[in-house]
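Visitor: Below is a structure I'd like to ask you about.
There are 2 protein chains.
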Amino acid sequence: MKELEIINTIKNILNSEFIGDDCAYLKDLGIVVTQDSLVEDIHFSRKFSTPFQLGYKSIAVNLSDIYASGAEAKYLTVSLSLPKNIENNFVEEFYKGAKSALNSAKIVGGDITGADKIYISVTAIGSAKDRKISSRKNAQKGYKIITNGLHGSSSAGLYILQNNIEGYETLKNEHLMPYVSSKLSDSIAKTAKFNYAMMDSSDGLMDALFKIADNSNVKAKIYFNKIPYDKSIENFDYKNMIFYGGEDYKLVCAISPDDLNNIDNNLYYEIGEIIEKTDDNIVEIQCEKEIKTFTKKDIEKNLFKHF
Amino acid sequence: MKELEIINTIKNILNSEFIGDDCAYLKDLGIVVTQDSLVEDIHFSRKFSTPFQLGYKSIAVNLSDIYASGAEAKYLTVSLSLPKNIENNFVEEFYKGAKSALNSAKIVGGDITGADKIYISVTAIGSAKDRKISSRKNAQKGYKIITNGLHGSSSAGLYILQNNIEGYETLKNEHLMPYVSSKLSDSIAKTAKFNYAMMDSSDGLMDALFKIADNSNVKAKIYFNKIPYDKSIENFDYKNMIFYGGEDYKLVCAISPDDLNNIDNNLYYEIGEIIEKTDDNIVEIQCEKEIKTFTKKDIEKNLFKHF
Numbered sequence: 000m001k002e003l004e005i006i007n008t009i010k011n012i013l014n015s016e017f018i019g020d021d022c023a024y025l026k027d028l029g030i031v032v033t034q035d036s037l038v039e040d041i042h043f044s045r046k047f048s049t050p051f052q053l054g055y056k057s058i059a060v061n062l063s064d065i066y067a068s069g070a071e072a073k074y075l076t077v078s079l080s081l082p083k084n085i086e087n088n089f090v091e092e093f094y095k096g097a098k099s100a101l102n103s104a105k106i107v108g109g110d111i112t113g114a115d116k117i118y119i120s121v122t123a124i125g126s127a128k129d130r131k132i133s134s135r136k137n138a139q140k141g142y143k144i145i146t147n148g149l150h151g152s153s154s155a156g157l158y159i160l161q162n163n164i165e166g167y168e169t170l171k172n173e174h175l176m177p178y179v180s181s182k183l184s185d186s187i188a189k190t191a192k193f194n195y196a197m198m199d200s201s202d203g204l205m206d207a208l209f210k211i212a213d214n215s216n217v218k219a220k221i222y223f224n225k226i227p228y229d230k231s232i233e234n235f236d237y238k239n240m241i242f243y244g245g246e247d248y249k250l251v252c253a254i255s256p257d258d259l260n261n262i263d264n265n266l267y268y269e270i271g272e273i274i275e276k277t278d279d280n281i282v283e284i285q286c287e288k289e290i291k292t293f294t295k296k297d298i299e300k301n302l303f304k305h306f
Numbered sequence: 000m001k002e003l004e005i006i007n008t009i010k011n012i013l014n015s016e017f018i019g020d021d022c023a024y025l026k027d028l029g030i031v032v033t034q035d036s037l038v039e040d041i042h043f044s045r046k047f048s049t050p051f052q053l054g055y056k057s058i059a060v061n062l063s064d065i066y067a068s069g070a071e072a073k074y075l076t077v078s079l080s081l082p083k084n085i086e087n088n089f090v091e092e093f094y095k096g097a098k099s100a101l102n103s104a105k106i107v108g109g110d111i112t113g114a115d116k117i118y119i120s121v122t123a124i125g126s127a128k129d130r131k132i133s134s135r136k137n138a139q140k141g142y143k144i145i146t147n148g149l150h151g152s153s154s155a156g157l158y159i160l161q162n163n164i165e166g167y168e169t170l171k172n173e174h175l176m177p178y179v180s181s182k183l184s185d186s187i188a189k190t191a192k193f194n195y196a197m198m199d200s201s202d203g204l205m206d207a208l209f210k211i212a213d214n215s216n217v218k219a220k221i222y223f224n225k226i227p228y229d230k231s232i233e234n235f236d237y238k239n240m241i242f243y244g245g246e247d248y249k250l251v252c253a254i255s256p257d258d259l260n261n262i263d264n265n266l267y268y269e270i271g272e273i274i275e276k277t278d279d280n281i282v283e284i285q286c287e288k289e290i291k292t293f294t295k296k297d298i299e300k301n302l303f304k305h306f
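So the protein sequences, as listed, match chains A and B. By numbering that gives the first Met the number 0, the letter at position 46 of the first sequence is numbered 45, and the numbering carries on one by one without gaps. By numbering that gives the first Met the number 0, the letter at position 261 of the second sequence is numbered 260, and the numbering carries on one by one without gaps.
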């Protein structure tokens, strides 16, 4: 089964309005919640990641989901499953790395069990108090599209690690310990007067743009020359890394121009805008003089056009 | 590393007052949270459990932790990792089983990833609104010790499954789909005037008694002939199954006699009382005329005395 089929199966059984978003907003409790898992040899390899880096990344990717919702990250639980042959200091190093990613959030529980491979599942809880919470459905014609960091570094870093290429420490580090920041999220959630649509780029910049456009029934126009990226990735297949690489964990947000006026412009890069209401051709990328349009069918069939 | 060592390592790094309890009580948010994982061939086997039963149990064991805290179970997230060779209807059957265990709680998120074996990690969130929340530290001299179900059935059921013994459907079912109930928890949490100490028997009746006594610095006296159990387990090593078997997921609570007066006595069995303040000999079991005392050192060394 493909991911979309699986999600539909689950939705049909549970009849839940929550399934499908990264963070669930539980209004009655005033919180958001997200759970993300990292599985050895699927999401990471012990060849590349130290236990410290794994601890850091397990926390950071979940905080990133909380930031994408606009909530204040508060608490996390960590479930760790470890094989018998794990190095003696794994738990200590893992939690030191986890702690280094926490910012002001706290780890408050979880469990440790045995397993054949390393399996890490983290749940993060954020507070919605005094904040406007994001929804992918909120983008409107005229909204600006902004992001808060460089795209493509993580997948370039993974490529470099997998191909044993020397140098490029910054890119490798962005893959192993992606930098996540709450600053843009805090600023928007505390000041926005209109609804906004924010996601993180965990599955790639294109995925974030698609999901916002698809859920809001709008068309997003992106100017390639405005997308921030590390110039050193131009040595690789950089355009595809930028759009489809994933794991950069940067925020992508469609926000009203009025609200954007109140955000410190050091916190974001403006990369495009929402240009019209539509149900089909939902993402348009202008790259020099060429314009590529991506339809809803492209997403559903996983037909990603390469650059 | 043993479990206690691991927990101490984590505590030292995180400097958190929360680590060590099954549910963390997040007072500022008015919620409790717990996360528990089930790993194939460690916690269950596909030989014995159907996908439906696995879905049910994954939810039930986490609801049980919420009930043990006294909170109202509200929301869950489910992280599922599945091998490629999984049967086609696994996700559907798993979620049907999960749904059957939900009562009024809702599944609001999670993820599905690949893995070598089935790995299930569930987080449950409960509301503390208008309820007094339990802590293991709350037991006092004079408190009554009560439980809300039969002990030993689950481990007897597992033994029967593993040894391919015919019959005993009730016991097998209690292992595969343990019955959990919020009734006693709801009643205590909504009416208690004094603090109380409640746990579930996920790791066995003795473990629950030990942890309450140890954290409260009291001695618990239990009358073996008052412990409810299914008489059919007398065909096996039943006393050890009752005390050390685990996975029954029944509530064990030390509660003031005054508060107990307000609880419908159809909801519990009284099995003992807290008899004194002490730092060492903390659980005493009276079994016919024989009295066995269990010290704190017995726990720390994992020296469980067999009956």
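Glycine is no exception: its CB is placed at the ideal position from the N, C-alpha and C atoms.
Which residue's Cα is closest to the Cα of Pro50/A: Asp213/A, Lys73/A, Glu86/A, Ala59/A?
Guide: Looking up residue 50/A in the first sequence gives position 51. When only C-alpha atoms are compared, the closest one is Glu86/A.
Visitor: Could you give the first and the last residue of the continuous alpha helix (DSSP H) run that contains Phe235/A?
Guide: Locating residue 235/A in the first sequence gives position 236, counting from the first residue. Phe235/A -> no alpha helix (DSSP H), and no H or E assigned at all.
Visitor: In chain order, what are the residue ranges of uninterrupted alpha helix (DSSP H) at least 4 long that sit wholly in the stretch 1–78 of chain A?
Guide: Fully enclosed alpha helix (DSSP H) runs of 4 or longer: 2–13, 50–68.
Visitor: From the DSSP secondary-structure annotation, give me the bridge partner or partners of Val107/B.
Guide: If you number the second sequence from 1, residue 107/B lands on position 108. Looking at the DSSP assignment, Val107/B forms no beta bridge with any residue, so it has no partner.
Visitor: What residues in the stretch 107–139 of chain A have a beta carbon less than 8 Å from any beta carbon of chain B?
Guide: Going along the stretch 107–139 of chain A in chain order, one finds Val107, Gly108, Gly109, Asp110, Ile111, Thr112, Gly113, Ala114, Asp115, Lys116, Tyr118, Ser120, Thr122, Ile124, Ser126 with a Cβ nearer than 8 Å to chain B.
Visitor: Tell me the rounded alpha-carbon separation between Met205/B and Phe242/B.
Guide: For the purposes of this step, residue 205/B is taken as residue 206 along the second sequence, with counting starting at 1. For the purposes of this step, residue 242/B is taken as residue 243 along the second sequence, with counting starting at 1. If you take the alpha carbons of Met205/B and Phe242/B, they lie about 5 Å apart.
Visitor: When you check each C-beta in the stretch 35–65 of chain A against every C-beta of chain B, which residues fall closer than 9 Å?
Guide: Answer in chain order: Asp35, Ser36, Leu37, Val38, Glu39, Asp40, Ile41, His42.
Visitor: Using only CA atoms, which one of Ser36/A, Ala191/A, Lys291/A lies nearest to Cys319/A?
Guide: Outside the shown range of chain A, which is 0 to 306, sits residue 319/A, and nothing can be said about it.
Visitor: Can you name the residues of chain B whose CB is closer than 7 Å to the CB of Ser80/A?
Guide: The residue you call residue 80/A lines up with position 81 of the first sequence. Ordered by position in chain B, the residues that pass the 7 Å Cβ test against Ser80/A are Ser36, Val38, Tyr118.
Visitor: In or out: Lys140/A buried (at least 16 other Cβ within 10 Å) or exposed?
Guide: Your numbering for residue 140/A matches position 141 in the first sequence. Result: exposed.
Visitor: Could you tell me which residues DSSP pairs with Met176/A in its beta bridges?
Guide: The sequence position of residue 176/A within the first sequence is 177, counting from 1. DSSP lists no partner for Met176/A.
Visitor: Over what stretch of residues does the beta strand (DSSP E) that includes Gly271/B continue unbroken?
Guide: As a position in the second sequence, residue 271/B is number 272, starting the count at 1. From DSSP, the beta strand (DSSP E) with Gly271/B extends over 268–276.
Visitor: In the structure shown, what three-state DSSP assignment does Lys230/B receive?
Guide: The sequence position of residue 230/B within the second sequence is 231, counting from 1. It is helical.
Visitor: With a threshold of 9 Å between beta carbons, is Ile211/A in contact with chain B?
Guide: As a working mapping, residue 211/A is identified with position 212 in the first sequence. Not one chain B Cβ lies under 9 Å of Ile211/A.
Visitor: Rank Ser78/B, Gly69/B, Ala104/B by C-alpha distance to the C-alpha of Ala59/B and give the top, closest one.
Guide: For the purposes of this step, residue 59/B is taken as the residue at position 60 of the second sequence. Out of Ser78/B, Gly69/B, Ala104/B, Ala104/B has the C-alpha closest to the C-alpha of Ala59/B.
Visitor: Rounding to the nearest angstrom, what Cα-Cα distance links Ser184/B and Lys220/A in this structure?
Guide: Here the question's residue 184/B lines up with position 185 in the second sequence. Here the question's residue 220/A lines up with position 221 in the first sequence. When rounded, the distance between both Cα atoms is 54 Å.
Visitor: With a threshold of 8 Å, are at least 3 pairs of Cβ atoms found where one atom belongs to the stretch 33–50 of chain A and the other to the stretch 108–121 of chain A?
Guide: Enough Cβ pairs lie closer than 8 Å, so yes.
Visitor: Who are Thr292/B's beta bridge partners in DSSP?
Guide: Here residue 292/B corresponds to residue number 293 of the second sequence, with the count starting at 1. For Thr292/B, which the question treats as bridged, DSSP gives the partners Glu283/B.
Visitor: List the DSSP bridge partners of Tyr195/A.
Guide: For this step, residue 195/A is matched to residue 196 along the first sequence. Partner(s): none; Tyr195/A has no beta bridge.
Visitor: Using the Cα positions of Asp278/A and Lys295/A, report the straight-line distance between them to the nearest angstrom.
Guide: Start at 1 with the first residue of the first sequence, and residue 278/A comes out as number 279. Start at 1 with the first residue of the first sequence, and residue 295/A comes out as number 296. Between Asp278/A and Lys295/A, the C-alpha separation is close to 8 Å.
Visitor: Who are the neighbours of Ser15/B on chain A, taking C-beta pairs under 8 Å?
Guide: Your numbering for residue 15/B matches position 16 in the second sequence. What Ser15/B touches in chain A: Lys105, Ile106, Val107.
Visitor: Who are the neighbours of Glu91/B on chain A, taking C-beta pairs under 8 Å?
Guide: In the second sequence, residue 91/B corresponds to position 92, counting from 1. The contacting residues are Thr8, Ile12.
Visitor: Which bits of chain A does Lys26/B rub up against, with CB to CB less than 9 Å?
Guide: Working through the second sequence from its first residue, we reach residue 26/B at position 27. What Lys26/B touches in chain A: nothing, since even the nearest Cβ is about 11 Å away.
Visitor: Is the stretch 197–213 of chain A close to the stretch 76–96 of chain A, with three or more CB pairs under 8 Å?
Guide: Too few Cβ pairs lie closer than 8 Å, so no.
Visitor: Going along chain A, which residues have a C-beta under 9 Å from Lys83/B?
Guide: As a first step, residue 83/B is located in the second sequence; it is residue number 84 there, counting from the start. None at all; the shortest Cβ gap to chain A is about 11 Å.
Visitor: Based on the DSSP secondary-structure assignment, which residues constitute the bridge partners of Thr122/A?
Guide: What you label residue 122/A is simply residue 123 of the first sequence in a count that begins at 1. DSSP output for Thr122/A lists Gln34/A, Thr76/A as bridge partner(s).
Visitor: Within 10 angstroms of its Cβ, does Gln161/A collect 16 or more other Cβ (buried), or is it exposed?
Guide: Numbered from its first residue, the first sequence carries residue 161/A at position 162. Exposed is the call here.
Visitor: Would DSSP call Tyr158/B helix, strand or coil?
Guide: Start at 1 with the first residue of the second sequence, and residue 158/B comes out as number 159. Three-state result, Tyr158/B: helix.
Visitor: Check whether chain B comes within 9 Å of Tyr94/A, counting only Cβ atoms and requiring the distance to be less than that.
Guide: Here residue 94/A refers to the residue found at position 95 when the first sequence is read from its first residue. It does: the Cβ of Tyr94/A has a partner Cβ on chain B nearer than 9 Å.
Visitor: So with Cβ pairs under 9 Å, would you call Tyr248/B a contact of chain A?
Guide: Here the question's residue 248/B lines up with position 249 in the second sequence. Chain A, which has no Cβ nearer than 9 Å to the Cβ of Tyr248/B, makes this no.
Visitor: From His174/A to Glu246/A, what distance separates their C-alpha atoms?
Guide: As a first step, residue 174/A must be located in the first sequence, where it is residue number 175. As a first step, residue 246/A must be located in the first sequence, where it is residue number 247. Rounded to whole angstroms, His174/A to Glu246/A spans 7 Å at the Cα level.
Visitor: Alpha helix (DSSP H) containing Tyr94/B: first to last residue?
Guide: On the second sequence, residue 94/B is found 95 positions in, with the first residue counted as 1. It spans 89–100 - the alpha helix (DSSP H) in which Tyr94/B sits, taken as one unbroken run.
Visitor: Using the DSSP secondary-structure output, state which residues sit across from Tyr222/A in a beta bridge.
Guide: As a first step, residue 222/A must be located in the first sequence, where it is residue number 223. Beta-bridge pairing links Tyr222/A to Gln285/A.
Visitor: Helix, strand or coil for Ile164/A per DSSP?
Guide: In the first sequence, counting from the first residue as 1, residue 164/A sits at position 165. Residue state, collapsed to three classes: coil.
Visitor: Mind pulling the chain B residues with CB within less than 9 Å of Val32/A?
Guide: For the purposes of this step, residue 32/A is taken as the residue at position 33 of the first sequence. Going along chain B in sequence order, the residues near Val32/A (Cβ under 9 Å) are Val32, Tyr74, Thr76, Val107, Gly108, Thr122, Ile124.
Visitor: Where do the N-terminal and C-terminal ends of the beta strand (DSSP E) with Lys143/A fall, by residue?
Guide: Looking up residue 143/A in the first sequence gives position 144. 143–146 is the span of the beta strand (DSSP E), which, as asked, contains Lys143/A.
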